[in-house]
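Take a look at the structure set out below.
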Amino acid sequence: MSWFHRLRWKLFVSHAIIIVIAVVVLLGAAQILVRSSMMESATLASLSAGDDLLIASGEVAVQRRFQSILEQALLLASFGALAAAVVVSLFVSRRIVEPLQDLTAVSRRLAQGYYRERTFIHSDDELAELSQSINHLAEALDRTEQRRLALIADVAHELRTPLTTIEGYMEGLLDGVIAPDEQTFTLIRHEAARLRRLTEELGLLSRAEAGELRVQPRLFDLCTMLQELIARFQPQFAACEVELRLYLSVQSLTVYADPDRLMQVMVNLLSNALRYTPAGGLVEVSLTPLGEYVRISVRDTGIGIEAEHLPLIFERFYRVDKSRTRNSGGTGIGLTIARHLVYASGGEIWAESDGAGKGSTFHVTLPTAVVYQPVQIAVADG
888 MSWFHRLRWK LFVSHAIIIV IAVVVLLGAA QILVRSSMME SATLASLSAG DDLLIASGEV
948 AVQRRFQSIL EQALLLASFG ALAAAVVVSL FVSRRIVEPL QDLTAVSRRL AQGYYRERTF
1008 IHSDDELAEL SQSINHLAEA LDRTEQRRLA LIADVAHELR TPLTTIEGYM EGLLDGVIAP
1068 DEQTFTLIRH EAARLRRLTE ELGLLSRAEA GELRVQPRLF DLCTMLQELI ARFQPQFAAC
1128 EVELRLYLSV QSLTVYADPD RLMQVMVNLL SNALRYTPAG GLVEVSLTPL GEYVRISVRD
1188 TGIGIEAEHL PLIFERFYRV DKSRTRNSGG TGIGLTIARH LVYASGGEIW AESDGAGKGS
1248 TFHVTLPTAV VYQPVQIAVA DG
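Per the numbering used here, the very first residue in the sequence shown carries number 888; after that it's consecutive.
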């Protein structure tokens, strides 16, 4: 924004106009009155020539006339400045007060929950910047409201599906339509576990988004943790005929993070990789030191992620393949929780993919022990 377009400059110019008008009126009135007084003084001097008494009285009259001229000029200048102030103030206040009234009305509508309201101020000063800021705020609130409504709908759907299954099987058991065998009870137990997992993840997500997620970072060996994680998941991958590999560029690497939370993040990433990788596929977990940080990568040869989905996959309840995720029991909030956990540990998480059918890679960075520098306390001998 140019300096002469700023609101303070416009206010300065308006005050300067009032001052200039007052000065012009003062000078003009003084000049006119002085000319009139000079003409009267010349006439009086010609009439009183040779008479000392008349000359003295003429000088007194001139002084009084000069004082009268000054008072009249100041009075006219005051009225002129007042008139100019009224005109300029009405013009400036209209350019300032009316937009402020519009901004106030829109902000009140936003406070009432009407997030589609927008301001329309066509200027190039601070009021226009304020209008744009309010519009950006309204857009953010509107997006948040849409996500909230989508969240309610998704939670209702996720809760309804297992509840409907449990209710249907229980009614079948009571009516004698379904045999009370081991398969039936296993299915009911599976749906109950799905409900429990969903409620636990919703609670965790709520605490994470409220900034109340408890993270207890400490120093530990990341290589050992990854080896234990791979050994834990090998049977599941073998049952699905998916190969799981681990590549470590170092034998040992100390990081400063919460091992339990990091394990939760890695479990989610490996579970997603297994869910979206067909039989005969491959999932690789690699570790790469990057100076003060370390990068963990989980690469799969699964269904991949299209470019338009990459910025959105960490949003809560967002699904690339909705039907497949529901059938396999996913809740759609695991990656959202993982993002909050990684951020709380001082790291970053993102995804890369070359497109549908070309697999995907998830990267997690964490601070190493180099970043963590404990305070050294010197103890004197004796």
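Ideal Cβ positions, reconstructed from N, Cα and C, are used throughout, including at glycine. Treat the numbers as computed from the prediction; the structure is a model and nothing was measured.
If you follow the alpha helix (DSSP H) that R1226 is part of, which residue opens it and which one closes it?
G1221 to A1231
Whose C-beta lies closer than 6 Å to the C-beta of T1252 among residues of the same chain, with five residues either side of it excluded?
Y1180, R1182, G1234 and E1235
Run through the stretch 1068–1143 for me and flag every whole beta strand (DSSP E) of 3 or more residues, listed as ranges in chain order.
1105–1108 and 1130–1135
Give the range of the alpha helix (DSSP H) segment to which D1147 is assigned.
P1146 to R1162
Distance check for R1162 and S1215, CA to CA, integer angstroms please.
At S1215 the pLDDT is 48, less than 50, meaning the model places this residue with poor confidence; the figure from the coordinates comes in the next sentence. Spanning the two alpha carbons is a distance of roughly 7 Å.
Rank P1122, L1089, R1226 and S994 by C-alpha distance to the C-alpha of L1149 and give the top, closest one.
R1226
Integer Cβ distance of V1152 from L1228, believed to fall under 8 Å:
5 Å
Contact check, V1129 vs V1172 under 8 Å by CB: the rounded distance?
No, V1129 and V1172 are not in contact; Cβ-Cβ is about 13 Å, not under 8 Å.
Whose CA, out of T1255, I1224, D1041 and H1196, lies closest to the CA of G1178?
T1255
Close Cβ partners of D1241 (< 8 Å) along its chain, the five nearest in sequence each way excluded:
G1191
Residues near A1025 in its chain [Cβ-Cβ closer than 7 Å; skip 5 each side]:
L997, Y1002, E1004 and R1005
Which of the three DSSP states is assigned to F1007 in this structure?
coil
When we look at the beta-carbon of A1160 and count the other beta-carbons within 10 Å, is it buried (16 or more) or exposed?
buried
Going by the CB atoms, is the gap between Q1114 and L1131 shorter than 8 Å?
no
For the beta strand (DSSP E) that contains I1236, what are its first and last residues?
E1235 to S1240
Helix, strand or coil for H1250, going by three-state DSSP, please let me know.
strand
Is I1183 helix, strand or coil by DSSP?
strand
Buried/exposed call for R1101, threshold 16 Cβ in 10 Å
exposed
Quick one: what's got a C-beta closer than 6 Å to H1055's C-beta in the same chain, skipping five residues either side?
Per the sequence presented here, residue 1055 reads as Gly, with His not at that position. Once the five neighbours on either side are set aside, G1055 has no close Cβ partner at all.
Quick one: Cα of W1237 to Cα of A1144, how far?
18 Å
On a Cα-Cα basis, can you pick out the residue from G1221, E1193 and L1109 that is closest to A1243?
E1193
Same chain, Cβ closer than 7 Å to C1127, neighbours up to 5 away in sequence not counted
L1161 and A1166
According to the Cβ coordinates, are L1174 and V1142 closer than 8 Å?
no
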